[in-house]
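Count along the sequence shown from 1, add 14, and you get the number used in my numbering. Virtual Cβ for every residue (Gly too), placed ideally from N, Cα, C. Fair warning: this is a prediction, and the values are worked out from it, not measured in the lab. For reference, the structure discussed in these notes is given below.
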Amino acid sequence: MKFILLTVLTALLVLIVNPFLPYWAVMILLAILAAAVGNKAGGAFFAGGLGMGLAWMGQSVYISSVTGSQLPEKMSELMGLGDEITLFAITGVLGFFLGAFSALAGSLFRKLLKRKPDNIYGR
15 MKFILLTVLT ALLVLIVNPF LPYWAVMILL AILAAAVGNK AGGAFFAGGL
65 GMGLAWMGQS VYISSVTGSQ LPEKMSELMG LGDEITLFAI TGVLGFFLGA
115 FSALAGSLFR KLLKRKPDNI YGR
C-alpha cells in the first residue's frame with residue numbers, strides 16, 4: 015500500500031511543483047516525501063522512479079499533442095534517435111532514474127535517523 019501511495023504522491027508532486035521549481039528542487043522534495051512515507055529502500059526506489067518517470071513522459075506526450083509542435087520530432091532527428099516516440103521514452107527513463115535515486119536517498123536517510131535499540135540481547 016505504501017508503494018502505491020508513494021507512486022501516486024510522487025506523480026502528483028512532479029505534476030504540481032515541476033512547472034514552478036527546477037528538477038533538482040523537485041528531487042529534494044521527493045526525497046523528503048519518501049522519508050515521510052517510510053517505504054523500504056527497494057520499494058522507495060521503484061515507486062519514486064515509476065511516479066516521476068510516468069509523470070515526465072506523460073507531460074512530454076501531453077504537451078506535444080496539445081500544442082501540435084514539431085519541436086520533439088526535430089529534436090529527435092537532431093539527436094539521431096529517429097522518431098519522437100524514442101525521445102519520449104528517453105525522457106521517461108531519465109525521469110525514472112532521477113525519481114528513483116531521490117526516493118532511495120530519502121528512504122535511506124530515514125533509515126539512518128531511525129533509532130536502534132541499545133540492548134539487542136535482552137539482558
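Kindly indicate which three-state DSSP category residue i falls into: helix, strand or coil?
i: Pro86; result: helix
i: Phe34; result: coil
i: Ile104; result: helix
i: Arg129; result: coil
i: Ile77; result: helix
i: Gly63; result: helix
When the Cα atoms are used, what is the spatial distance from residue i to residue j?
i: Lys130; j: Met89; result: 51 Å
i: Lys54; j: Ile134; result: 22 Å
i: Gly63; j: Gly56; result: 11 Å
i: Val31; j: Gly96; result: 31 Å
i: Gly94; j: Ile104; result: 13 Å
i: Leu68; j: Ala25; result: 7 Å
i: Ser83; j: Lys125; result: 45 Å
i: Phe123; j: Trp70; result: 25 Å
i: Glu98; j: Ser121; result: 34 Å
i: Phe34; j: Asp132; result: 45 Å
i: Ala39; j: Ala45; result: 10 Å
Below 6 Å CB to CB, which residues in the same chain sit around residue i once its five sequence neighbours on both sides are set aside?
i: Ser78; result: Pro86
i: Lys128; result: none
So, using beta-carbon positions, are residue i and residue j closer together than 8 Å?
i: Ala61; j: Leu20; result: yes
i: Val28; j: Gly65; result: yes
i: Leu23; j: Leu47; result: yes
Who are the Cβ neighbours of residue i in its own chain at under 7 Å, not counting the five residues just before and after it?
i: Phe59; result: Ala114, Ala117 and Leu118
i: Thr100; result: Ser90
i: Phe111; result: Gly63
i: Met41; result: Leu112 and Ser116
Kindly list the residues whose CB is nearer than 8 Å to the CB of residue i, restricted to its own chain and excluding five residues on each side of it in sequence; keep chain order.
i: Phe102; result: Met71, Ser74, Val75, Ser78 and Pro86
Just to check, is the beta-carbon of residue i closer than 7 Å to a non-hydrogen atom of the ligand FMN?
i: Ser116; result: In the structure shown, the ligand FMN is absent, as is every other ligand, since no ligand is present at all.
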